[in-house]
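**Q**
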Amino acid sequence: MSRSDVTIVGAGLSGLACALRLHQSGISVSNLEASDGIGGRVRTDRMDGFLLDRGFQVFLTAYPEARQVLDYADLDFRPFYPGALVRFSGQFHRIGDPWRRPLDGIRSLFSPIGTFQDKVRAGRLRQQVRAGSLEDLFRRPESSTIDALHAAGFSEAMIDRFFRPFIGGVFLDKNLEISSRMFEFVFRMFSLDDTALPSNGMGAIPEQLASQLPEGTVQTNAPVVKVQEGGVTLESGEEIRSRAVVIATEGPETERLLGEKKRSAMRGVTCLYFAFSEPPFSEPILFLDGDGKGPVINLCVPSQVAPSYAPPDMSLISATVLGCSEDADKHLEAAVRSQLAEWFGRAIQDWRHLRTYRIRHALPMQVPPVSEPFSQPVRIHPWLFVCGDYRSVASIQWALVSGRRAADAIIEAFSR
Ligand SMILES: Cc1cc2nc3c(=O)[nH]c(=O)nc-3n(C[C@H](O)[C@H](O)[C@H](O)COP(=O)(O)OP(=O)(O)OC[C@H]3O[C@@H](n4cnc5c(N)ncnc54)[C@H](O)[C@@H]3O)c2cc1C
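Throughout, the working numbering is defined as the position within the sequence shown, counted from one, plus 312.
#1: Under 8 Å, do residue 705 and residue 497 count as touching if we go by C-beta distance?
#2: So is the beta-carbon of residue 369 under 7 Å away from any non-hydrogen atom of ligand 1?
#3: Apply the 10 Å Cβ neighbour rule to residue 424 and answer buried if 16 or more other Cβ atoms are within range, or exposed otherwise.
#4: Could you give the residue range of the alpha helix (DSSP H) that holds residue 478?
#5: Please report the residue range of the beta strand (DSSP E) in which residue 555 lies.
#6: When you measure from the CB of residue 696 to every non-hydrogen atom of ligand 1, does any distance come out below 7 Å?
#7: Please go through the region 556-598 and give each complete alpha helix (DSSP H) segment of 4 or more residues, from N-terminal end onward.
#8: Going straight from the alpha carbon of residue 675 to that of residue 481, what length do you get?
#9: Count the other CB atoms within 10 Å of the CB of residue 474; is the residue buried (16 or more) or exposed (fewer)?
#10: Can you have a look at residue 541 and say buried or exposed, based on whether 16 or more other CB atoms are within 10 angstroms of its CB?
#11: Three or more C-beta pairs closer than 8 Å, one from the region 594-607 and one from the region 395-405: is that the case here?
#12: Check whether the region 680-689 touches the region 327-340, counting contact only when three or more Cβ pairs, one atom from each stretch, lie closer than 8 Å.
#13: Quick one: what does DSSP say residue 267 is sitting in, helix, strand or coil?
#14: Based on the DSSP secondary-structure assignment, which residues constitute the bridge partners of residue 634?
#15: Counting only the same chain and skipping the five closest in sequence on each side, list residues whose C-beta sits under 6 Å from that of residue 672.
#16: Quick one: measure Cβ to Cβ for residue 502 and residue 372, integer angstroms, because I've assumed they're closer than 8 Å.
#17: Just to confirm the assignment: which complete alpha helix (DSSP H) runs, minimum length 4, are found wholly within the region 503-534?
#18: Would you tell me roughly how many angstroms separate the C-alpha atoms of residue 584 and residue 647, rounded to the nearest one?
#19: Work out the CA separation of residue 442 and residue 504 for me, nearest whole Å.
#20: Classify residue 577 as buried or exposed, calling it buried when 16 or more other Cβ atoms lie within 10 Å of its own Cβ.
#21: Which same chain residues, not among the five before or five after residue 313, have their C-beta less than 8 Å away from its C-beta?
#22: Do you know how far the Cα of residue 446 is from the Cα of residue 363?
#23: Do the region 504-520 and the region 456-471 meet, that is, are 3 or more Cβ pairs less than 8 Å apart?
#24: Tell me whether the beta-carbon of residue 543 lies closer than 8 Å to the beta-carbon of residue 558.
#25: Report the rounded CA-to-CA distance for residue 711 versus residue 353, giving the unit in angstroms.
#26: Cβ-heavy atom distance between residue 347 and ligand 1 below 7 Å?
#27: Could you pull the start and end residues of the beta strand (DSSP E) that residue 674 belongs to?
#28: Quick check: does the Cβ of residue 530 come within less than 7 Å of any heavy atom belonging to ligand 1?
#29: Ligand 1 and residue 509: does the residue's C-beta get closer than 7 Å to at least one heavy atom of that ligand?
#30: Report the residue ranges of all beta strand (DSSP E) runs contained in full by the region 598-658; include only those spanning at least 3 residues, in chain order.
#31: Please look up how many angstroms separate the CB atoms of residue 538 and residue 545, rounded, as I've assumed it's under 8 Å.
#32: Provide the residue span of the beta strand (DSSP E) that contains residue 472, from first to last.
#33: Below 8 Å CB to CB, which residues in the same chain sit around residue 690 once its five sequence neighbours on both sides are set aside?
#34: Figure out for me which residue from 315, 523, 339 has the closest Cα to the Cα of residue 725.
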């Protein structure tokens with residue numbers, strides 16, 4: 313039986329952010345993680361010299377909380393091209409951010425990915441989502457994203473060819489039922505600064521947080537089965553005692569630990585990685601499926617963004633398929649190859665399949681109403697606190713915020 317001031321269940325970004333804040337305030341922490349590594353949904357595997365993030369994901373350097381808690385220089389972020397290539401009707405069409413790539417932006421005005429008026433509406437939307445504070449953004453009226461896009465006057469062509477593959481890929485929701493607030497938040501972040509990958513993989517983000525904790529703070533392979541006043545019980549039967557407990561797990565697991573009957577649904581995603589000697593495209597750009605035929609909704613070549621994602625003279629390609637396909641690996645791979653052969657030609661038959669990740673609990677559903685992330689209660693009992701992305705808006709930004717808010721509530725409780 314060991315003892316610290318606070319036990320945190322889960323060493324994803326929210327748990328680690330909470331642990332770091334408490335440690336910096338002189339409060340001792342034990343952070344227990346069920347799996348064999350830290351980072352939760354933000355982990356990177358190394359395979360034959362490739363860096364494989366567990367599911368395609370990106371970091372938006374405008375995240376205000378991340379700017380406070382992460383050392384950007386050390387993470388060595390490598391930016392994507394600000395825009396995308398949309399595959400539609402047998403061709404790629406470039407959608408460039410007119411504010412950062414004016415010439416490409418002007419060319420985009422005349423692409424078949426939406427009308428000229430759609431591009432003007434996109435400019436207006438950009439202005440709206442950047443206006444005011446983040447608090448203001450989360451106080452605005454809320455609807456589903458699809459309703460918000462219709463209300464803003466976007467054409468079906470623009471919605472189907474751009475917003476569905478782009479925003480649908482971000483939130484794993486092709487129907488765009490997710491809250492308009494989440495869409496507006498992400499659109500704001502995309503417009504403010506870079507979309508990027510850390511040169512050592514997305515897993516470098518939680519590793520940086522954990523590296524600032526005293527050795528032994530985080531214990532992996534330590535699943536918690538029960539939380540109770542005075543501590544937690546591990547699957548092994550061991551009890552870890554503490555004054556306070558923080559549950560920093562995914563929504564459904566938090567509900568289980570709290571003894572709630574409800575199990576929140578989550579969205580799943582499948583990510584296939586391939587290797588080849590030549591990149592299919594020379595720019596660090598995101599590809600979107602504007603035809604909507606799938607199965608791939610987006611594709612990127614992470615090694616064109618950050619060369620360290622692949623060994624020298626090799627390229628890493630990541631293809632994202634929404635949902636957790638039950639197809640056997642070889643059937644799914646064949647369907648993906650057949651779609652991508654249309655995009656890039658026969659060369660893709662020589663791509664080597666590296667690995668397929670099926671992530672069942674990737675993101676919370678987050679249909680309206682979603683709670684605004686600044687004042688969600690974090691204290692369940694005098695001794696029990698909660699944090700995690702499901703509490704507000706699923707993303708690295710809000711996972712970090714929720715961890716910090718839980719820590720601040722404990723610091724306040726302990727100071728009384
Ligand atoms: C494929 C994918 C793509 C994404 N893309 C992006 C993106 O591009 N940009 C972005 O900002 N966000 C993205 N996200 C979302 C972002 O990764 C999450 O919002 C964030 O990492 C959630 O952190 P968390 O700490 O709340 O939860 P988690 O990361 O899920 O951490 C919870 C931890 O608790 C542990 N745990 C669970 N049960 C127990 C138990 N009983 N005992 C002990 N430990 C337990 C889990 O193993 C896990 O490590 C993506 C997520 C996925 C999966």
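The beta-carbon is built from N, C-alpha and C at its ideal position, and this holds for glycine as well.
**A** Based on what the coordinates show:
#1: Counted from its first residue, the sequence shown places residue 705 at position 393. Counted from its first residue, the sequence shown places residue 497 at position 185. Against a cut-off of 8 Å, the Cβ pair of residue 497 and residue 705 comes out as a contact.
#2: Taking the first residue of the sequence shown as position 1, residue 369 is located at position 57. Flag set: Cβ of residue 369 near ligand 1.
#3: Counting from one through the sequence shown, the residue named residue 424 turns up at place 112. The residue in question, residue 424, is exposed, as its Cβ has fewer than 16 Cβ neighbours within 10 Å.
#4: Taking the sequence shown and counting its residues from 1, one reaches residue 478 at position 166. Counting along the chain, residue 478 sits inside the alpha helix (DSSP H) bounded by residues 476-483.
#5: As a position in the sequence shown, residue 555 is number 243, starting the count at 1. Its beta strand (DSSP E) spans residues 551-559.
#6: Sequence index remark: in the sequence shown, residue 696 carries index 384 (1-based). In this structure, residue 696 has its CB at a distance of at least 7 Å from all heavy atoms of ligand 1.
#7: Here the runs fully enclosed are 563-569.
#8: Looking up residue 675 in the sequence shown gives position 363. Looking up residue 481 in the sequence shown gives position 169. Rounded to the nearest angstrom, the two C-alpha atoms are 11 Å apart.
#9: Residue numbering aside, residue 474 sits at position 162 when the sequence shown is read from its first letter. So residue 474 ends up on the buried side.
#10: As a position in the sequence shown, residue 541 is number 229, starting the count at 1. Counting of Cβ neighbours within 10 angstroms places residue 541 among the exposed residues, the total staying below 16.
#11: By the Cβ criterion, the region 594-607 is in contact with the region 395-405, since at least three pairs of Cβ atoms, one from each stretch, lie closer than 8 Å.
#12: Contact fails between the region 680-689 and the region 327-340, because fewer than three Cβ pairs, one in each stretch, are under 8 Å apart.
#13: Missing from the structure shown is residue 267; the chain here goes from 313 to 728 and no further.
#14: Against the sequence shown, residue 634 aligns to sequence position 322. Residue 634 pairs with 581.
#15: By 1-based counting over the sequence shown, the position of residue 672 is 360. By the criterion of a C-beta distance shorter than 6 Å, residue 672 is surrounded in its chain by 580, 636, once the five residues flanking it on both sides are discounted.
#16: By 1-based counting over the sequence shown, the position of residue 502 is 190. By 1-based counting over the sequence shown, the position of residue 372 is 60. Sure, about 6 Å apart at Cβ, within 8 Å.
#17: 516-522, all fully within the region 503-534.
#18: Reading the sequence shown from its first residue, position 272 is the one you call residue 584. Reading the sequence shown from its first residue, position 335 is the one you call residue 647. Those two C-alpha atoms are separated by around 12 Å.
#19: By 1-based counting over the sequence shown, the position of residue 504 is 192. By 1-based counting over the sequence shown, the position of residue 442 is 130. Cα-Cα distance, rounded: 8 Å.
#20: As a working mapping, residue 577 is identified with position 265 in the sequence shown. Label assigned to residue 577: exposed.
#21: Stepping through the sequence shown from its first residue, residue 313 is reached at position 1. Since pLDDT at residue 313 reaches only 43, below the 50 mark, its modelled position is unreliable, and the value read off the structure follows with that caveat. Shown here for residue 313: same chain residues with a beta carbon closer than 8 Å to its own, the five before and five after excluded, namely 550, 551, 552, 553 in chain order.
#22: The residue you call residue 363 lines up with position 51 of the sequence shown. The residue you call residue 446 lines up with position 134 of the sequence shown. Residue 363 and residue 446: Cα-Cα distance of roughly 33 Å.
#23: Look at the beta carbons and you see the region 504-520 not touching the region 456-471: under three pairs across the two are nearer than 8 Å.
#24: To locate residue 543, count along the sequence shown from 1; it is residue 231. To locate residue 558, count along the sequence shown from 1; it is residue 246. It is not a contact, given that the beta carbons lie outside the stated cut-off.
#25: Here residue 711 refers to the residue found at position 399 of the sequence shown. Here residue 353 refers to the residue found at position 41 of the sequence shown. Approximately 11 Å between the Cα atoms of the pair.
#26: Walking along the sequence shown from the start, residue 347 turns up at place 35. The answer is yes for residue 347.
#27: In the sequence shown, counting from the first residue as 1, residue 674 sits at position 362. The continuous beta strand (DSSP E) containing residue 674 extends over residues 664-676.
#28: Indexing the sequence shown from 1 puts residue 530 at position 218. No.
#29: Residue mapping note: residue 509 aligns to position 197 of the sequence shown, counting from 1. No, since every heavy atom of ligand 1 falls outside the 7 Å radius drawn around the Cβ of residue 509.
#30: Fully enclosed beta strand (DSSP E) runs of 3 or longer: 598-601, 608-612, 627-634.
#31: Translated into positions along the sequence shown, residue 538 becomes position 226. Translated into positions along the sequence shown, residue 545 becomes position 233. With a Cβ gap of about 4 Å, residue 538 and residue 545 count as contacting.
#32: Within the sequence shown, numbered from 1, the residue matching residue 472 stands at position 160. Looking at the DSSP string, residue 472 is not in any beta strand (DSSP E), and its letter there is neither H nor E.
#33: Numbered from its first residue, the sequence shown carries residue 690 at position 378. Result list for residue 690: 697, 698, 699, 703, 714, 717, 718, 721, in chain order.
#34: Residue mapping note: residue 725 aligns to position 413 of the sequence shown, counting from 1. Comparing Cα-Cα distances from residue 725 to each of 315, 523, 339, the minimum goes to 339.
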